[in-house]
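Novice: Let me give you the structure first, and then I'll get to my questions.
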Amino acid sequence: MFSCKKCKEPFYVLGSEMKGSTVRIYCQCLNGHKGKRDIGRYQADSMAPEIFKGLYTCVGCGSVMSLVHIDLGRYEVEYEFLCPIHGPQKKRIPSFYHSAVTGMKEHMNSAKSILDSLSCPKCGQIFSAHEVSEKKGIMEFKYRCPNGHKELRFAPTDADPSILKTLFKRLIHCEQCGLPCQLLEINTKGETAKVEISCPAHGKMKKEMPSKHAWMLDKIAEAVSEGTIARSMLNCTQCKGGLSIKSIDLEKDKYKLKCSCPNGHSSELSQPTDLDEEAIDVIVRGIMKCNDCDLLTEIVNKKVSGNTIELELVCHVHGLMHKQMKPDIFKHLESREPRLDRKGTIEESLKCTKCSAPVTIRDTKMKEHYVELKVDCRNGHGSERYLSNTAYSDSLSRIYMQLYECHKCHNPLDLHHIEELTDSADVNLLCEQHGESRIIIPLAHATEARDAFLLTKSLEDLQQMLDTKLQTQHACEYQLESDADPVEMLEIVKNVIEQHNVLFVSENTDAKGAVEAWYYGKALAGDEFIVVGAVSKENRTIRISVASDNESKLELMLSEMRDNLREILLRVQKQSDDITPRKIACPQCGVGLAKRALPGETIKCEHCGTPLHWG
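Just so you know, the numbering used here puts the end of the sequence shown at 615, numbered straight through with nothing missing.
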């Protein structure tokens, strides 16, 4: 309401008194300039809430204060306000305006000021509490930030429980690094409770707090899981980058973790041996993280040396690195590593580190346990990527999709064939502008490289291939019963087709209203197959058509689908509940197979290892 004449900043009320029919207001701005204003009694009465709202503002820092004590006299009332930074402050005004001041208490957001005071004013770091004491309804917190700055902060005892919970939570954070700690023990003696905590980086330490609030600390500690502590622990305290675990040793009853961040900062941390599942997951991810970036690595080799497991890992961007750990940690790693979500890592590794443009594979170099990929981006930046020989199929297929773009003109490449050699596979590619090229990959990657080519195809590509390349097309057709559901029938057709090693591309509705499902397959030897399953309610037909550049293999695939579909449709006519396709099983051991190989190709049964050949 009032402004400073020197700096034009708002004035806040320090106190007031009656001067006859005038109310004198003593004020101060946040820049320290003091003043006084006289207003008539009638005007003061009508504007009391607006005038005396400034009593709740600390003129030292601008924080909204809490009203903690009232001494009401006949003519004058004395208030004690509590600033979270500067502590208690007393202010006096005429008793006539007491109701106006207390009526504003619920509308003043002192909680925000209390929470804001948890940040160090010198460096911005969050404080950790060392000691909490209480006197006359006011709690005093002795704080220290990770950079060593010490401060006192204050809060009313009757503050909202959620605010008190946040304040007491800072007791179970390390004063030296700010990490959340494990609560070991609380010993209560009289009005004081001794709290013992354990920091992952700095070990055990003791703190004090009022014993009547100790129960709240137990509740807070229960809500902070070991996984939360481990997750916070793996953030560098110097630069906030993610830490990678380079080695884990056992020292007495704790694991000692040697870590580093991509910026080169090193740290040693500790964790108890009886970790919960969430904490183990966090540590496993920390082990699998690259030392030089935030990407996940892949295990390429393992060596046992005494009571230590030595691992060779490869990062898609930074290559080979070594880590070591104890056997019990490796057991957890072995069981959890396959479940790690690598999609983000794969996508990030396929971007240029200089300009973030997508990269294409132009050459490969075979190593003992991994492949070095020579890659270029569209802006001409060349670099390397690294790929484990035993990488997971999904990762391989996504990475090898970058193989099918010419690194010179960036037009799509056609896969001519993949020739399987003794220890490697020769991928033969064709660019319309630059002709043929060859890439050598591990033999175990041949199928994934072929599958990656399938993933590059769209419905429009398949329709164009039918018009230009695969003009030999055979089909089988059955009648659709009048009461049959076309959607359900299409699902049956799709189940029959998907028993074969072809990839679903898209669904489509043709010009006559038939619903179609399009599939594409390509043998390593180069034979291509387009399979279209269609159901037309208008023509009352169920149809499977196969197009290929090899007529004999085309007929072999179609005959298998024809017989399978016919058998299911007969069961549907008999109103059988079993409408699943005939099981594909290994003739040697009887175990079911996921898919039937393309005609002319050989696959191995994953159970008994028997080679299985069709056609």
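Note that beta-carbon positions come from the ideal geometry of N, C-alpha and C, so glycine has one too.
These numbers were taken from a predicted model, which means no experiment stands behind them.
For R566, which option in R543, T192, T345 has the closest C-alpha, if you only look at C-alpha atoms?
Specialist: Looking up residue 566 in the sequence shown gives position 566. It is R543.
Novice: In the structure shown, what three-state DSSP assignment does M47 receive?
Specialist: As a working note, residue 47 is residue 47 in the sequence shown. Coil, per DSSP.
Novice: Closer than 6 angstroms by C-beta to G286: which residues in its own chain qualify, once you throw out the five before and the five after it? Chain order, please.
Specialist: Counting from one through the sequence shown, the residue named residue 286 turns up at place 286. Same-chain partners within the cutoff: L234, I245.
Novice: Between which two residues does the alpha helix (DSSP H) harbouring D394 extend?
Specialist: Mapped onto the sequence shown, residue 394 falls at position 394. It spans 393-400 - the alpha helix (DSSP H) in which D394 sits, taken as one unbroken run.
Novice: Taking the C-alpha atoms as reference points, what is the distance between N263 and H318?
Specialist: The count along the sequence shown starts at 1 and reaches residue 263 at position 263. The count along the sequence shown starts at 1 and reaches residue 318 at position 318. If I take the Cα positions, the gap works out to 14 angstroms.
Novice: Just reading off the alpha helix (DSSP H) that P486 is part of, what are its end residues?
Specialist: In the sequence shown, the residue the question calls residue 486 occupies position 486. Counting along the chain, the alpha helix (DSSP H) containing P486 begins and ends at 486-497.
Novice: Apart from the five residues just before and just after S395, which ones in its own chain have a Cβ nearer than 7 angstroms to its Cβ?
Specialist: Taking the sequence shown and counting its residues from 1, the one referred to as residue 395 is at position 395. Result list for S395: R342, I346, in chain order.
Novice: Using three-state DSSP, classify S99 as helix, strand or coil.
Specialist: In the sequence shown, residue 99 corresponds to position 99, counting from 1. Three-state DSSP puts S99 in a helix.
Novice: Just to confirm the assignment, what range does the beta strand (DSSP E) spanning M139 have?
Specialist: Start at 1 with the first residue of the sequence shown, and residue 139 comes out as number 139. Element bounds for M139: 138-144.
Novice: What whole-angstrom Cβ distance do S397 and E448 have, given they're in contact under 8 angstroms?
Specialist: For the purposes of this step, residue 397 is identified with residue 397 of the sequence shown, where counting begins at 1. For the purposes of this step, residue 448 is identified with residue 448 of the sequence shown, where counting begins at 1. About 5 angstroms separates the two Cβ atoms, so the contact holds.
Novice: Looking only at C-alpha atoms, which of E551, H434, E419, P486 sits nearest to L470?
Specialist: Residue numbering aside, residue 470 sits at position 470 when the sequence shown is read from its first letter. When each option's Cα is compared against that of L470, the closest is E551.
Novice: Near C123, which residues of its chain fall below 6 angstroms by C-beta distance, leaving aside the five closest residues on each side in sequence?
Specialist: Working through the sequence shown from its first residue, we reach residue 123 at position 123. Excluding sequence neighbours, C123 sits near N147.
Novice: What first and last residue would you give for the beta strand (DSSP E) that runs through E175?
Specialist: Position 175 of the sequence shown, counted from the first residue, corresponds to residue 175. Here E175 belongs to no beta strand (DSSP E), and DSSP marks it neither H nor E.
Novice: Could you tell me whether the Cβ atoms of L421 and L443 are closer together than 8 angstroms?
Specialist: Reading the sequence shown from its first residue, position 421 is the one you call residue 421. Reading the sequence shown from its first residue, position 443 is the one you call residue 443. Yes. Within cutoff.
Novice: With distances taken between CB atoms, is the gap from A111 to I172 smaller than 8 angstroms?
Specialist: Against the sequence shown, residue 111 aligns to sequence position 111. Against the sequence shown, residue 172 aligns to sequence position 172. No, these two residues do not count as a Cβ contact at 8 angstroms.
Novice: Using the three-state DSSP reduction, which class does L320 fall into: helix, strand or coil?
Specialist: Within the sequence shown, the letter at position 320 stands for residue 320. In this structure, L320 counts as strand in the three-state DSSP scheme.
Novice: In the DSSP assignment, find the unbroken beta strand (DSSP E) run with G35 in it and report its ends.
Specialist: Start at 1 with the first residue of the sequence shown, and residue 35 comes out as number 35. Its beta strand (DSSP E) spans residues 34-40.
Novice: Can you have a look at P84 and say buried or exposed, based on whether 16 or more other CB atoms are within 10 angstroms of its CB?
Specialist: Locating residue 84 in the sequence shown gives position 84, counting from the first residue. By the neighbour-count rule (16 or more Cβ atoms within 10 Å), P84 is buried.
Novice: What span of residues does the alpha helix (DSSP H) with I220 cover, start to end?
Specialist: For this step, residue 220 is matched to residue 220 along the sequence shown. From DSSP, the alpha helix (DSSP H) with I220 extends over 214-223.
Novice: Given this structure, state the Cα-to-Cα distance separating L250 from H332, to the nearest angstrom.
Specialist: The residue given as residue 250 occupies position 250 in the sequence shown. The residue given as residue 332 occupies position 332 in the sequence shown. Rounded to whole angstroms, L250 to H332 spans 15 angstroms at the Cα level.
Novice: Excluding the 5 residues flanking K457 on each side, which residues of the same chain have their C-beta closer than 7 angstroms to its C-beta?
Specialist: Taking the sequence shown and counting its residues from 1, the one referred to as residue 457 is at position 457. These residues qualify, in order along the chain: V505, Y520.
Novice: With distance defined between alpha-carbon atoms, name the residue in K583, H500, L556 nearest to I568.
Specialist: On the sequence shown, residue 568 is found 568 positions in, with the first residue counted as 1. Here the closest residue by C-alpha is K583.
Novice: Are there 16 or more other CB atoms within 10 angstroms of the CB of S21, so buried, or fewer, so exposed?
Specialist: If you number the sequence shown from 1, residue 21 lands on position 21. Looking at its Cβ environment, which holds fewer than 16 other Cβ atoms inside 10 Å, S21 is exposed.
Novice: Any idea what DSSP makes of T364, helix, strand or coil?
Specialist: For the purposes of this step, residue 364 is identified with residue 364 of the sequence shown, where counting begins at 1. Here T364 sits in strand by DSSP.
Novice: Could you give the DSSP three-state label for K343: helix, strand or coil?
Specialist: Locating residue 343 in the sequence shown gives position 343, where the first residue counts as 1. Reduced to three states, the DSSP call for K343 is helix.
Novice: What span of residues does the alpha helix (DSSP H) with Q464 cover, start to end?
Specialist: To locate residue 464, count along the sequence shown from 1; it is residue 464. Segment 459-468, the alpha helix (DSSP H) holding Q464.
Novice: Write down the C-beta distance between C259 and L275 rounded to the nearest angstrom, noting that I regard them as a contact closer than 8 angstroms.
Specialist: Position 259 of the sequence shown, counting from 1, holds the residue named residue 259. Position 275 of the sequence shown, counting from 1, holds the residue named residue 275. Actually they are not in contact, since the Cβ atoms of C259 and L275 sit about 16 angstroms apart, beyond 8 angstroms.
Novice: Residue range of the alpha helix (DSSP H) that V572 falls in?
Specialist: Walking along the sequence shown from the start, residue 572 turns up at place 572. Segment 551-573, the alpha helix (DSSP H) holding V572.
Novice: Given a threshold of 16 other Cβ atoms within 10 Å of its Cβ, counted over all protein chains shown, does Q28 qualify as buried or as exposed?
Specialist: For the purposes of this step, residue 28 is taken as the residue at position 28 of the sequence shown. Classification of Q28: buried, given that the 10 Å Cβ count is 16 or more.
Novice: Would you check if there are 3 or more beta carbon pairs closer than 8 angstroms linking the stretch 595-605 to the stretch 522-530?
Specialist: In short, these stretches touch, since the Cβ pair count reaches three.
Novice: Return helix, strand or coil for H107, following the three-state DSSP convention.
Specialist: As a first step, residue 107 is located in the sequence shown; it is residue number 107 there, counting from the start. Correct three-state label for H107: helix.
Novice: When DSSP labels each residue in this structure, what does I283 get in the three-state scheme?
Specialist: One-based indexing of the sequence shown puts residue 283 at position 283. In the structure shown, I283 sits in a helix (DSSP, three-state: H, G or I).
Novice: Would you tell me roughly how many angstroms separate the C-alpha atoms of C617 and K302, rounded to the nearest one?
Specialist: Given that the chain is displayed from residue 1 to residue 615, the structure contains no residue 617 and the question cannot be resolved.
Novice: Just the C-alpha distance for I399 and V496, rounded to the nearest angstrom, thanks.
Specialist: Residue numbering aside, residue 399 sits at position 399 when the sequence shown is read from its first letter. Residue numbering aside, residue 496 sits at position 496 when the sequence shown is read from its first letter. When rounded, the distance between both Cα atoms is 30 angstroms.
Novice: By how many angstroms is the C-alpha of E185 removed from the C-alpha of M205?
Specialist: To locate residue 205, count along the sequence shown from 1; it is residue 205. To locate residue 185, count along the sequence shown from 1; it is residue 185. Taking the straight line joining both Cα atoms gives about 11 angstroms.
Novice: State the Cα-Cα distance for the pair D483 and S548, rounded to the nearest angstrom.
Specialist: Position 483 of the sequence shown holds residue 483. Position 548 of the sequence shown holds residue 548. The alpha-carbon atoms of D483 and S548 are separated by roughly 34 angstroms.
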